[in-house]
Amino acid sequence: NSLIIAIWAASDVTSPWQAISRVLYVGGDTDTVGAVVGQVACPLLDPSEVVNTFIDFTALGPTPMESKLQLANAAARRYFRRALLFAAGDLQGLRKCPSLTDVNYPPFTKAV
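Residue 1 is where the sequence shown starts when you use full-length UniProt numbering, and the numbers rise one by one after that.
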């Protein structure tokens with residue numbers, strides 16, 4: 001499944017951030033999927049933008065750490081919520097959650 005998800009995440013992206021968002025949106029084995037997406041999408045993107053995104057999101061750049069923590073928290077909560085709904089057998093609730101098949105997926109939001 002990692003390859004299929006990676007191809008979806010890399011398709012029609014216009015920025016590295018968009019590819020990263022898609023990987024985090026799906027959840028699961030994000031390190032493997034992210035590595036494959038990087039190999040597929042990055043050669044098609046502007047090299048300077050790829051480098052700047054890497055620096056910004058590896059705690060080397062100017063992006064505040066709080067923003068990175070909020071993003072990681074939002075991604076983890078989304079994946080965990082889907083896992084709980086699946087484990088509880090709440091298929092109706094699971095269908096309402098953002099999924100891989102959604103063309104437009106909502107942005108990550110800060111926990112309240």
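Think of the CB as a built atom: it goes at the ideal place given N, C-alpha and C, for glycine as much as any other residue. On a predicted model such as this, the values are computed, not experimentally measured, just so you know.
What separation, rounded to the nearest whole angstrom, lies between the Cα atoms of residue 51 and residue 30? In the sequence shown, counting from the first residue as 1, residue 51 sits at position 51. In the sequence shown, counting from the first residue as 1, residue 30 sits at position 30. Each residue's alpha carbon lies about 20 angstroms from the other.
With a threshold of 8 angstroms (Cβ to nearest heavy atom), would residue 86 be considered close to the ligand SAM? Looking for the ligand SAM in the displayed structure turns up nothing, as the structure carries no ligands at all.
Buried or exposed: which applies to residue 91, given that a residue is buried once 16 or more other Cβ atoms fall within 10 Å of its Cβ? Within the sequence shown, residue 91 is the residue found at index 91, counting from 1. With fewer than 16 Cβ atoms within 10 Å of its Cβ, residue 91 is classed as exposed.
Where the alpha helix (DSSP H) through residue 21 begins and ends: In the sequence shown, the residue the question calls residue 21 occupies position 21. First-last of the alpha helix (DSSP H) with residue 21: 16–26.
Count the other CB atoms, across all protein chains shown, that sit within 10 Å of the CB of residue 27; report buried if there are 16 or more and exposed otherwise. By 1-based counting over the sequence shown, the position of residue 27 is 27. Looking at its Cβ environment, which holds 16 or more other Cβ atoms inside 10 Å, residue 27 is buried.
Can you tell me whether residue 53 is buried or exposed, with buried defined as 16 or more other CB within 10 angstroms of its CB? One-based indexing of the sequence shown puts residue 53 at position 53. Its Cβ being crowded by 16 or more others within 10 Å, residue 53 is buried.
Quick check: what's the CA-CA separation for residue 46 versus residue 87? Residue 46 sits at position 46 when you count from the first residue of the sequence shown. Residue 87 sits at position 87 when you count from the first residue of the sequence shown. Rounded to the nearest angstrom, the two C-alpha atoms are 41 angstroms apart.
Rounded to whole angstroms, how far is the Cβ of residue 2 from the Cβ of residue 33, which I believe are closer than 8 angstroms? Walking along the sequence shown from the start, residue 2 turns up at place 2. Walking along the sequence shown from the start, residue 33 turns up at place 33. Residue 2 to residue 33, Cβ: 5 angstroms. Contact.
Going by DSSP, what residue range makes up the alpha helix (DSSP H) through residue 119? Since the first residue of the chain shown is 1 and the last is 112, residue 119 is not available in this structure.
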